[in-house]
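Enquirer: In numbering that gives the first Met the number 0, the protein residues as written are 0 to 110. Note that CB positions come from ideal geometry on N, CA and C, so glycine has one too. Before anything else, here's the structure in question.
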Amino acid sequence: MKIVIPDDYQDIADKVAAYSLIRQHDVTRYTDSNHDLDTLVERLKDGDVVVSIRERVPFTRALLERLPKLRLISLLGRGCSGDGPTGVDQLPASAVADLDPAGAVGEVQRR
């Protein structure tokens with residue numbers, strides 16, 4: 000499974016205990032912040048799962064439409080349960096038309 004962490008600009012994701020749960024997978028972390036649509040597509044296009052820290056990545060319809068391999072978005076941290084700009088219930092309906100809650104706060108999966 001290919002997991003992408005797109006905006007770990009604090010360079011800490013691999014240092015937290017929960018990282019041990021995904022360490023055995025093919026994990027790519029980006030430690031810079033870049034919200035250019037084409038750059039995000041390039042970075043996320045091969046991912047099965049995106050683990051986004053806080054509200055750092057704008058999951059727009061334009062982005063999601065260009066990520067056909069994406070199966071799951073896991074949003075971690077404050078602002079991800081709905082009170083931030085990319086919280087699960089803040090994602091525009093048009094962006095998540097083919098996504099369902101994955102059973103945990105801050106996670107959505109493709110239908």
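Classify Ala12: buried if its beta carbon has 16 or more other beta carbons within 10 angstroms, exposed otherwise.
Expert: By one-based count along the sequence shown, residue 12 stands at place 13. Buried: at least 16 other Cβ atoms inside 10 Å.
Enquirer: For Thr27, which beta-bridge partners are listed by DSSP?
Expert: Within the sequence shown, numbered from 1, the residue matching residue 27 stands at position 28. Thr27 pairs with Val3.
Enquirer: Based on the DSSP secondary-structure assignment, which residues constitute the bridge partners of Ser32?
Expert: Indexing the sequence shown from 1 puts residue 32 at position 33. None; Ser32 has no bridge partner.
Enquirer: Between Val40 and the rest of its own chain, which residues show a CB-CB distance below 8 Å, the 5 nearest in sequence each way excluded?
Expert: Start at 1 with the first residue of the sequence shown, and residue 40 comes out as number 41. Hits under 8 Å: Leu62, Arg65, Leu66.
Enquirer: Quick one: measure Cβ to Cβ for Leu69 and Leu43, integer angstroms, because I've assumed they're closer than 8 Å.
Expert: One-based indexing of the sequence shown puts residue 69 at position 70. One-based indexing of the sequence shown puts residue 43 at position 44. Between Leu43 and Leu69 the Cβ distance is about 7 Å, and since that is below 8 Å, they are a contact.
Enquirer: Under 8 Å by Cβ, that's how I've got Asp7 and Ile72 pegged, so tell me the actual separation to the nearest angstrom.
Expert: Position 8 of the sequence shown, counted from the first residue, corresponds to residue 7. Position 73 of the sequence shown, counted from the first residue, corresponds to residue 72. 15 Å between Cβ atoms; not a contact.
Enquirer: In three-state terms, what does DSSP make of Val49?
Expert: Locating residue 49 in the sequence shown gives position 50, where the first residue counts as 1. In the structure shown, Val49 sits in a strand (DSSP, three-state: E or B).
Enquirer: Would you call the CB atoms of Ile4 and Thr38 closer than 9 Å?
Expert: Here residue 4 corresponds to residue number 5 of the sequence shown, with the count starting at 1. Here residue 38 corresponds to residue number 39 of the sequence shown, with the count starting at 1. No, the Cβ-Cβ distance between Ile4 and Thr38 is not below 9 Å.
Enquirer: How would you label Asp10, buried or exposed, when you count the other beta carbons within 10 angstroms and need 16 or more for buried?
Expert: Taking the sequence shown and counting its residues from 1, one reaches residue 10 at position 11. Asp10 is exposed by the Cβ-count criterion.
Enquirer: Please return the same chain residues whose Cβ sits closer than 6 Å to the Cβ of Met0, not counting the five positions on each side in sequence.
Expert: The count along the sequence shown starts at 1 and reaches residue 0 at position 1. Closer than 6 Å at Cβ, skipping near neighbours: His24, Asp47.
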